[in-house]
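Worksheet: the structure to be examined is printed underneath.
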Amino acid sequence: MAPDPSHNLADIISGLELDPRTDKLIVDKCLNLCSLFNIDGDSLVNEWLAYAFNHKIESNVTLAKLSDLEAQLHCENASRLRQAASAPVASAKLHASTASLIHPTALPQTPSRDSQRPRPDSTPVSQRNAVLNTLLHPKQQKPNSFMSPTLFSSPAGAPGSYTNRTNKGRVIQELNGGCSDEMATDDSDSAIHSEPVSLSLNASCVGTPFLYMHQQKDVVPQIIESRVDALLQSIIDKEVAAGSTMDNDGDIQESDVKDIILDGGAAGDDVSSFTGTLCSLCTPSPTQVVCGGRILAMNAAEKLHASDTWLQNGPERVQITLPTHSEAEYTLFPGAVCLVRGFNPTGSRLIAQDIIVPSPLPRPSLPVSTLGLSLVVASGPFTFQGDLMFSALIDLLDVVIERTPDYLILCGPFVDLDNVTVPEQDPLEVRRELWTLITNRLQSVRTVVLTLPHVRESMHVACFPQPPFPDSSSKVRHLPNPCQFTLGPITLAASTHDIMFDLASNSILKTAPGSQQNRMSSLCAALISQRSFYPLLAPPPTASIDWTHLSKFALTQGPDLMLLPSTLAQFARVINDTVCVNPGRLLKGASSPGTYSRISIRPGDGPVSSRISADIVRI
1 MAPDPSHNLA DIISGLELDP RTDKLIVDKC LNLCSLFNID GDSLVNEWLA YAFNHKIESN
61 VTLAKLSDLE AQLHCENASR LRQAASAPVA SAKLHASTAS LIHPTALPQT PSRDSQRPRP
121 DSTPVSQRNA VLNTLLHPKQ QKPNSFMSPT LFSSPAGAPG SYTNRTNKGR VIQELNGGCS
181 DEMATDDSDS AIHSEPVSLS LNASCVGTPF LYMHQQKDVV PQIIESRVDA LLQSIIDKEV
241 AAGSTMDNDG DIQESDVKDI ILDGGAAGDD VSSFTGTLCS LCTPSPTQVV CGGRILAMNA
301 AEKLHASDTW LQNGPERVQI TLPTHSEAEY TLFPGAVCLV RGFNPTGSRL IAQDIIVPSP
361 LPRPSLPVST LGLSLVVASG PFTFQGDLMF SALIDLLDVV IERTPDYLIL CGPFVDLDNV
421 TVPEQDPLEV RRELWTLITN RLQSVRTVVL TLPHVRESMH VACFPQPPFP DSSSKVRHLP
481 NPCQFTLGPI TLAASTHDIM FDLASNSILK TAPGSQQNRM SSLCAALISQ RSFYPLLAPP
541 PTASIDWTHL SKFALTQGPD LMLLPSTLAQ FARVINDTVC VNPGRLLKGA SSPGTYSRIS
601 IRPGDGPVSS RISADIVRI
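Residues 1 to 619, numbered by the UniProt record's numbering, are exactly what the sequence shown covers, in order.
Okay, structure coming up:
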């Protein structure tokens with residue numbers, strides 16, 4: 001079914017911040033692109049965001065840039081068609097699962113289907129173990145063995161577009177000058193590598209096991225309302241502490257003018273000081289009111305639009321007319337908690353002048369460290385959809401051996417549900433062999449590996465939040481998803497759930513003229529201010545959120561570094577003194593190479609965000 005043009009128009013205008021009166025040609029061009037490529041408005045907005053990030057475009061969309069985007073989409077479609085057409089049956093065996101590579105006649109004394117149960121040495125599990133044993137101990141294999149290292153070692157088993165890549169190791173994005181100099185390959189004289197760095201989990205990440213997906217119907221609304229009340233109280237306390245909007249003489253202070261200007265209004269309108277008491281959402285008032293609650297759309301099945309934005313607090317809800325004056329800035333999505341200052345003359349529509357969101361949480365005070373810290377961060381999938389060879393992961397481990405960072409942080413999925421070999425394998429055995437592979441490859445370096453699971457893991461609990469993998473060791477330590485922890489001189493927050501993608505497809509935002517923030521920066525700022533790894537209360541069905549454990553994915557302290565792996569364009573930015581990094585996916589699609597991130601933290605006593613350097617690197 002073709003996308004609904006009316007929905008496309010609303011999504012495009014909201015997502016690209018267009019004025020249908022002055023940007024009519026751009027809107028028409030966007031609608032033509034939706035029709036040409038058979039995509040909806042949200043998909044086009046996401047394509048533009050990815051294009052703008054990759055080409056470092058900070059300005060608004062133009063017809064010329066849309067033409068460039070159209071050319072890129074044509075090239076991507078043509079590339080996909082060529083890949084599909086150039087996959088002959090004969091070469092498919094090179095990319096098939098390990099079980100399909102071994103012909104039954106190659107295994108001695110293999111019983112027939114009608115005979116007794118096959119012996120262990122003829123099962124797919126033992127076949128896979130032999131392949132993994134080749135990767136782990138290549139010198140133990142005989143040169144003429146059927147499972148020779150030359151057949152199964154990386155990258156020979158990888159698809160052509162991965163093995164033939166020419167830009168591996170290229171830095172495509174830097175933050176604070178990059179970290180190539182800090183993360184030295186020879187660590188003998190580097191202060192960053194002087195001694196092991198301790199890891200300490202936040203208290204919210206440590207606790208007794210609990211049941212998943214046992215949500216009680218009446219309990220979830222109470223949990224959500226408790227979170228809303230707590231965030232509203234934090235905003236109220238801040239506003240009351242800041243004082244009233246008037247000085248002792250009753251004159252409006254210059255610093256508060258932007259908070260009270262209404263589109264078409266003036267600074268002389270009736271403005272009363274805020275005493276800390278919120279007004280009812282449905283009670284008419286001739287004077288300015290301050291209300292609070294969470295944002296939602298009237299139809300929960302529809303995405304949020306500027307013309308269908310509501311504020312709810314308990315049983316009350318009212319429709320909002322969002323501020324349009326030039327100084328207004330906001331990022332709204334279903335579940336966002338905020339105060340709204342404005343007028344409600346009829347009790348049925350709140351005309352907003354200003355939208356106030358919670359402040360970021362304070363950071364814990366850590367002792368000044370004389371040592372630095374180096375990290376490598378990568379997000380799965382780590383193997384191709386047609387095998388369990390982990391070619392990309394092995395290439396990444398080679399990078400780690402060369403650069404020897406303090407920690408390697410691996411964010412799932414490790415074996416995606418889409419992997420065609422999953423039904424043939426024992427997930428627990430695959431996981432054990434994978435940790436063994438990582439441990440043996442890195443046994444000669446001091447790097448410690450940290451892992452976070454993903455909701456698409458074929459071998460783990462498939463809901464959010466997630467417990468850690470159960471089999472930690474001194475070399476490979478498993479963390480829950482999401483997780484807050486301290487590594488030496490900095491605090492980190494990490495989640496493998498793609499909240500950035502979900503927010504980008506169901507949010508509206510407005511930035512002031514001249515603002516340095518783009519859409520991704522605004523979404524990161526919203527996560528930090530809403531104090532949650534997943535503040536969206538209208539998630540897609542695939543999100544698998546367990547709301548009874550909402551406290552498990554709440555931020556309890558301000559992080560210095562926030563890891564947000566996403567399918568959207570990779571980035572590294574400083575947002576509200578927090579460094580937010582999306583390392584990208586290590587593999588993209590069926591056979592395309594992706595990216596990872598190198599991060600280094602220099603010692604010192606200045607702001608941590610200014611001492612963190614980051615690179616986004618091609619695998």
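All C-beta atoms in this analysis are idealised placements derived from N, C-alpha and C, irrespective of residue type, glycine included.
With 16 other Cβ atoms within 10 Å as the buried cut-off, status of E433: buried
Counted within 10 angstroms of its Cβ, other Cβ atoms place N506 as buried (16 or more) or exposed: buried
When L63, R170 and D68 are compared against A50, the one with the closest alpha-carbon: Selected option, being the one with the closest Cα: D68.
Limits of the unbroken alpha helix (DSSP H) element including R611: V608 to R611
7 angstroms Cβ shell around I320 - same chain, five flanking residues per side excluded: T309, W310, L311, V340, L350 and A352
Beta-carbon proximity check, G293 vs N313, cutoff 8 angstroms: yes
A512 vs E302 beta-carbon contact at 8 angstroms: no
Enclosing alpha helix (DSSP H) for V45 [first to last residue]: G41 to N54
Inter-residue spacing [alpha-carbon to alpha-carbon] between L408 and T548: 32 angstroms
Touch test, the stretch 385 to 402 against the stretch 456 to 474, Cβ-Cβ under 8 angstroms, three pairs minimum: no
Cut-off 7 angstroms between Cβ atoms - residues of its own chain near L417, not counting five sequence neighbours on either side: R456 and S458
Unbroken beta strand (DSSP E) run spanning G160, endpoints: That residue, G160, is in no beta strand (DSSP E); its alpha helix (DSSP H) goes G160 to T163.
Cβ neighbours of V228 in the same chain (closer than 8 angstroms, five flanking residues each side left out): G293, R294, N313 and V337
C291 at chain C interface by Cβ criterion, 8 angstroms: This model lacks chain C altogether; it includes just one protein chain.
Closest by C-alpha distance to S544, when choosing among R585, V617 and A462: Put simply, of R585, V617 and A462 the residue whose alpha carbon is nearest the alpha carbon of S544 is A462.
Beta-carbon separation (whole angstroms), I401 vs L442, contact threshold 8 angstroms: 7 angstroms
Touch test, the stretch 573 to 580 against the stretch 607 to 619, Cβ-Cβ under 8 angstroms, three pairs minimum: Yes, the stretch 573 to 580 touches the stretch 607 to 619.
Member of N481, D502 and S391 whose CA lies at the smallest distance from the CA of A526: That would be D502, whose Cα lies nearest to the Cα of A526.
Cut-off 6 angstroms between Cβ atoms - residues of its own chain near D11, not counting five sequence neighbours on either side: G41 and D42
P358, buried or exposed, once every other Cβ within 10 Å from all chains shown has been counted against 16: Classification of P358: buried, given that the 10 Å Cβ count is 16 or more.
Burial state of G169, where buried means 16 or more other Cβ atoms lie within 10 Å: exposed
Residues of its chain near I528, where Cβ-Cβ distance is below 7 angstroms and the 5 sequence neighbours each way are ignored: P360, I575, N576 and T578
As assigned by DSSP and simplified to three states, the class of D498: coil
Cβ neighbour criterion (16 or more within 10 Å) applied to Q173: That one is buried.
Contact the stretch 469 to 478 vs the stretch 14 to 27: 3+ CB pairs below 8 angstroms: no
Proximity to F382 [Cα-Cα], best of C279, P559 and G584: If we check each option's Cα against that of F382, G584 comes out closest.
Cβ neighbours of F460 in the same chain (closer than 6 angstroms, five flanking residues each side left out): In the sequence on display, residue 460 carries His and not Phe. Within the same chain, H460 has close Cβ partners P453.
Assigned exposure category for E239 - 16 Cβ within 10 Å defines buried: buried
Alpha-carbon spacing of D615 relative to I490, whole angstroms: 18 angstroms
Where the alpha helix (DSSP H) containing F37 begins and where it ends: Residues K24 to F37.
Residue from G276, I224, D406 and S307 whose Cα sits closest to the Cα of L371: It is D406.
Paired residues, beta bridge with I401 - DSSP: I401 is not bridged to any residue.
CA-to-CA distance, I499 to Q484, given in whole angstroms: Distance between the alpha carbons of Q484 and I499: 16 angstroms.
Pairwise C-alpha distance: S613 and I601: 6 angstroms
Selection from L587, T163, Q288 and V45 that minimises the alpha carbon distance to A378: L587
One or two residues paired with M562 in a DSSP bridge: A493 and C580
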